[in-house]
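Reviewing the structure listed below.
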Amino acid sequence: MKNPNVLVIGSGVAGMEASLILGEAGQKVYLIEKESLIGGQTIKFEEVYPNMECATCMVAPKQQEILQNENIELFLLSEVEQVKGSVGEFKVKIKKKARYVSLVNCIGCGACYEPCPVSLENEFEEGLSKKKAIAVACPGALPNVPAIDPENCLRLNGKKKECQACKEACMFDAINFSEKDEILDLEVGAILIATGFGLLDAKNLPQYGYRKAKNVYTAMEFERLYAANGPTEGKLVLRDGETPKSIAIIHCVGRSEQGYCSGVCCMYSTKFSHFLKHKIPEAKICEFHTDLCIPGKSHQKFYQKILNQGVDFIRFDDIKVEEKNGKMQVIYKNGNGEKDKFIADMIILSPAMIPGGDTESLAKTIGISLDKKGFFSTQSEKLSPVATAVDGIFVAGCAEGPKDIPGSIAQAEAAAGKILSILR
C-alpha cells in the first residue's frame with residue numbers, strides 16, 4: 273500500500289502552493305525549509321509586475337495558511353540528509369537544526385536583539401544592513417520568531433560561555449541554549465522539490481564594476497532598498513546618503529556566460545524604472561539590454577507605460593562600467609556599433625537566474641539528475657515538465673528553471689495534481 277504522505281522541499285511560492293493544495297486534499301505534508309522563515313525570495317520584493325501588487329499582501333495569507341493548516345507539518349532550519357526507497361514508500365532522513373528560540377513561547381517582541389553584543393552582515397538584506405546573532409530576517413517575517421546563529425553566538429561558539437544577554441532580556445523564557453540539532457525519520461509516498469533559484473554572482477563579471485564602484489547594486493539589493501521593510505525603509509538613497517539623479521539599469525548580466533535568457537529580467541528591470549520614477553520623478557534613467565523579452569498579454573502595456581515616462585531603452589553589443597574622478601560611466605556600443613557612454617550616479621545590474629546553491633548536493637542526495645544548465649531535470653520540458661526520471665519525485669517552480677511567479681504557481685499546481693493521481 274502506498275504511503276499517502278508527501279515531502280515538499282522548499283517554502284517559496286511553488287512549495288507553499290503545492291503544500292496547500294495537497295493539505296486541503298487531505299494529504300499529510302511535511303514541508304522542509306532550510307531558512308528560519310517561509311516565503312522564499314518573493315518576500316524580499318515590495319511589489320510585483322505588471323499590476324504592481326503588494327508582494328507581502330499577496331504572500332502573507334499563504335504563509336498564514338501554511339502555519340495554520342493541520343495537514344502541513346513545517347520543519348524550519350531543516351535539510352534533507354538521505355532518501356531511500358521508491359514511489360509510495362520513500363524513507364527520508366531530515367536534519368533539523370536547533371533554533372534556540374521557542375516557536376511557542378516567543379511573542380516576537382524583539383527585546384532580545386539589542387542586548388546581543390554581536391553585529392553581523394544581514395544576508396537577507398544583501399549585506400546592506402547589520403543584524404545580531406539572534407535575529408529575524410526582516411520585519412514581518414513569518415513565523416515572527418528569531419533564531420540564534422550558533423557560529424556567531426558568543427555563548428554557543430564558546431568564545432564567551434557566560435554570555436546570556438538575550439536570555440536575560442526575554443520575559444517569556446523563550447530562549448533555550450541547550451536545544452540540540454535533531455535527525456528525523458519520515459516516510460512518504462512522493463517528493464516535490466521546490467527549492468527556488470539563486471542569482472549569478474556579479475563579482476565574477478568584473479566588467480560591470482560590482483564591488484569596485486560603490487554605487488553599483490544588484491537587482492536583489494535594489495529590491496531591498498525600495499522595500500518599506502528594508503534597510504532604508506524604502507528611501508532610495510546611495511551608500512553616501514545622496515539621492516541618485518541618473519540611473520543605469522543593465523539587463524542580461526551573465527546571459528552569455530550562462531547560455532540562456534532567464535525570461536524575467538527585462539520585466540523586473542522595467543519594474544525598477546517604475547519604482548525610480550515613483551520616488552524620484554526627475555531622475556534620468558537608461559535601461560541597457562541585448563534583447564527585450566516582454567512576454568504575456570499584460571506586460572506590453574506596462575512596458576509602454578514606462579516608455580511614456582521618459583525612460584530610455586538602449587540596445588548594446590558590448591558594455592562595461594568604469595569609475596573616473598568619482599563618476600561612474602557606462603561605456604557601450606549601441607546596436608549600430610557606435611561607441612557611447614552614459615554618466616550614472618547609480619547602476620543596477622540584472623543578473624541571470626541560476627540554480628539554488630544546494631541544488632547539486634540535493635540532486636545527489638535524492639538520486640536525480642540535473643540538466644545542462646544545472647537545474648533539476650524533468651522527463652520532458654514540454655510534455656512532462658514536473659516529473660523527474662524517478663517515479664514519485666517531482667519538481668516545480670524555479671528549481672526546474674527560470675520563471676515568474678505565475679509560472680511557478682502553475683507548475684506547483686500541476687505537480688500537486690500529479691502527486692494526488694499517483695497516491696490515490
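Take any residue in the sequence shown, note its place counting from 1, add 272, and you have its number in our numbering.
Ideal Cβ placement from N, Cα and C applies to all residues, glycine included.
> From LYS695 to LYS368, what distance separates their C-alpha atoms?
Replying inline: The residue you asked about is not Lys; residue 695 is Leu in the sequence shown. When rounded, the distance between both Cα atoms is 27 Å.
>> Our contact map puts GLY287 next to ASN341 with C-beta atoms below 8 Å; I'd like the distance itself, whole angstroms only.
In response: Incorrect: roughly 13 Å between the Cβ atoms, too far for contact.
> Which residue or residues does DSSP assign as beta-bridge partners of CYS425?
Replying inline: According to DSSP, CYS425 bridges with nothing at all.
> Would you say MET330 reaches chain B, if we count a Cβ-Cβ gap shorter than 8 Å as a contact?
Replying inline: In the displayed structure, chain B is absent; only one protein chain is listed.
> Looking at the structure shown, is LYS549 part of a helix, part of a strand, or coil, going by DSSP?
Replying inline: helix
> To the nearest whole angstrom, what separates the beta carbons of LEU621 and ALA491, a pair I think is in contact under 8 Å?
Replying inline: 7 Å
>> Within 10 Å of its beta-carbon, does GLN336 have 16 or more other beta-carbons around it, so buried, or fewer, so exposed?
In response: exposed
> At which residue ranges does the region 472-504 contain complete alpha helix (DSSP H) runs of 4 or more residues, listed in the order of the chain?
Replying inline: 491-498
>> Whole angstroms are fine: how far does the CA of GLU325 sit from the CA of GLU289?
In response: 18 Å
>> For PHE366, report the span of its beta strand (DSSP E) as first-last.
In response: Before going further, note that residue 366 is Ile rather than Phe in the sequence given. From DSSP, the beta strand (DSSP E) with ILE366 extends over 362-368.
> When the Cβ atoms of the region 392-399 are set against those of the region 427-447, are three or more pairs found closer than 8 Å?
Replying inline: no
> If you pair each beta-carbon of the region 669-685 with each one of the region 278-285, do three or more pairs fall below 8 Å?
Replying inline: yes
> Touching or not, the region 586-599 and the region 641-651, by the rule of three or more beta carbon pairs under 8 Å?
Replying inline: no
> For PHE347, which residues of its own chain have a beta-carbon under 8 Å away from its beta-carbon, when the five flanking residues on both sides are left out?
Replying inline: TYR302, LEU303, ILE304, GLU305, ILE366, LYS368 and LEU456
> First and last residue of the alpha helix (DSSP H) that includes GLN572?
Replying inline: 571-580
> In chain order, what residues of the same chain have a beta carbon less than 6 Å from the beta carbon of PRO322, not counting five sequence neighbours either side?
Replying inline: SER570, HIS571 and PHE574
>> Below 8 Å on the Cβ atoms is my contact criterion, and I expect ILE463 with PHE362 to pass it. Report the Cβ-Cβ distance as a whole number of Å.
In response: 6 Å
> Nearest-angstrom Cα distance between LYS404 and ARG483?
Replying inline: 24 Å
>> Just verifying my parser: in three-state terms, what is the DSSP assignment at LYS507?
In response: coil
>> Judging by CA-CA distance, which residue of CYS435, ASN377, VAL331 and GLY531 is the nearest neighbour of PRO387?
In response: CYS435
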